[in-house]
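First up is the structure itself, then whatever we jot down about it.
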Amino acid sequence: MAVVARDLTRIYQVGSVPVTGIDGIDLSISNGQLVVLKGDSGSGKSTLLSLLAGLDRLTTGSLTVAGRDMNLCSEAELTDFRRSTVGMIFQSFNLLPTLSVLENVCLPAMLAGRSLAAVQPRARELLGWLGMRDRLAHQPRQLSGGEMQRTAIARALINDPALLLADEPTGNLDSGNAQKVIALLSELNRQFKRTVVVATHSDLADSYATMTLQLQDGRVVA
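For the sequence shown, my numbering assigns the number 6 to the initial residue and increments by one for each residue that follows.
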């Protein structure tokens, strides 16, 4: 299983007030699924993705992602998990403005201990597949929104992650580029057997989903 959660709960402390982000979720996601998380702002989509990515820690319950018990992982183990097992795609792209497209894609692999020379061939291959072969030396400011998101997808794939998490990946894109990004995520899921979890307000991914989860007030309601 890619994900197994039992009574998963995340409670934040805002001043003296406890705020429940995720409220007792039970969840099982098989390897190779394309999961679409739906829900209004504040429903818990981003909180759930942060827990799955090891960016946040659960308060109570249990969570296993790609065979790892997330409650037992040390900070060093979570760092390794984020570098080796999970790839993240964000609405805001999160590209480093002073690096080229190729350098941005190579960075996670270099942080994981690989040399630039060793990782460049894979980065070029991914960028070529994503239609970015002519943009390798460009900086993010020279790219369109769709090109920045394709660069971000290549970066998320550079360490060959078992799980790909996308948080509103089409939120800053026009409809044409949004459809292309969703189609790329679907191809990664179908052709390359990646487990993909997409949190989105959009309906564009619905037809590609093998599993749809509706969140409301931190709970799965459908």
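Yeah, the Cβ is synthetic: ideal placement off N, Cα and C, and Gly gets one too.
Legend entry - Spatial distance of LEU13 from VAL24 (CA atoms): On the sequence shown, position 8 is the one that residue 13 refers to. On the sequence shown, position 19 is the one that residue 24 refers to. Going from the Cα of LEU13 to the Cα of VAL24 covers about 15 Å.
Inset, instruction - Determine the burial state of PHE98: buried for a count of at least 16 other Cβ atoms within 10 Å of its Cβ, exposed for fewer. - result: Mapped onto the sequence shown, residue 98 falls at position 93. In summary, PHE98 is buried, with 16 or more beta-carbon neighbours lying within 10 Å of its beta-carbon over all protein chains present.
Legend entry - Cβ pair THR90, ARG73 closer than 9 Å: Here residue 90 corresponds to residue number 85 of the sequence shown, with the count starting at 1. Here residue 73 corresponds to residue number 68 of the sequence shown, with the count starting at 1. Using a Cβ distance threshold of 9 Å, THR90 and ARG73 count as a contacting pair.
Inset, instruction - Put VAL226 into one of helix, strand or coil per three-state DSSP. - result: Here residue 226 refers to the residue found at position 221 of the sequence shown. Residue state, collapsed to three classes: coil.
Inset, instruction - Provide the residue(s) that pair with ALA122 in DSSP beta bridges, ordered along the chain. - result: Position 117 of the sequence shown holds residue 122. According to DSSP, ALA122 bridges with nothing at all.
Legend entry - Nonlocal neighbours in the same chain, by C-beta distance under 8 Å from ALA210, ignoring five residues either side: For the purposes of this step, residue 210 is identified with residue 205 of the sequence shown, where counting begins at 1. Closer than 8 Å at the Cβ level, and outside the excluded window around ALA210, lie LEU39, VAL41, ILE187, LEU190, SER191, VAL203.
Legend entry - Candidates LEU63, SER180, MET216, of which the one nearest ASN194 by Cα: Here residue 194 corresponds to residue number 189 of the sequence shown, with the count starting at 1. Residue MET216 is the option with its Cα nearest to ASN194.
Legend entry - Simplified DSSP state of PRO4, which is helix, strand or coil: Not covered by the structure: residue 4. The range shown for the chain is 6 to 227.
Inset, instruction - Just mark LEU107 as buried or exposed, buried being the case when its beta carbon has 16 or more other beta carbons within 10 Å. - result: Position 102 of the sequence shown, counting from 1, holds the residue named residue 107. It counts as buried.
Inset, instruction - Would you mind reading off the limits of the alpha helix (DSSP H) that contains THR156? - result: Position 151 of the sequence shown, counted from the first residue, corresponds to residue 156. Looking at the DSSP string, the run of the alpha helix (DSSP H) that includes THR156 is 150 to 162.
Inset, instruction - Pull up the distance between the alpha-carbon of ALA161 and that of THR69, whole angstroms please. - result: Numbered from its first residue, the sequence shown carries residue 161 at position 156. Numbered from its first residue, the sequence shown carries residue 69 at position 64. When rounded, the separation of the alpha-carbon atoms in ALA161 and THR69 is 21 Å.
Legend entry - Delimiting residues of the beta strand (DSSP E) encompassing LYS43: The sequence position of residue 43 within the sequence shown is 38, counting from 1. Residues 39 to 43.
Legend entry - Separation of SER46 from GLN144, as counted between CA atoms: Numbered from 1 along the sequence shown, position 139 holds the residue referred to as residue 144. Numbered from 1 along the sequence shown, position 41 holds the residue referred to as residue 46. About 31 Å.
Legend entry - One or two residues paired with ILE16 in a DSSP bridge: Here residue 16 corresponds to residue number 11 of the sequence shown, with the count starting at 1. DSSP output for ILE16 lists THR25 as bridge partner(s).
Inset, instruction - From the DSSP output, in three-state form, read off ASP208 for me. - result: Translated into the one-based positions of the sequence shown, residue 208 becomes position 203. DSSP places ASP208 in coil when its eight states are reduced to three.
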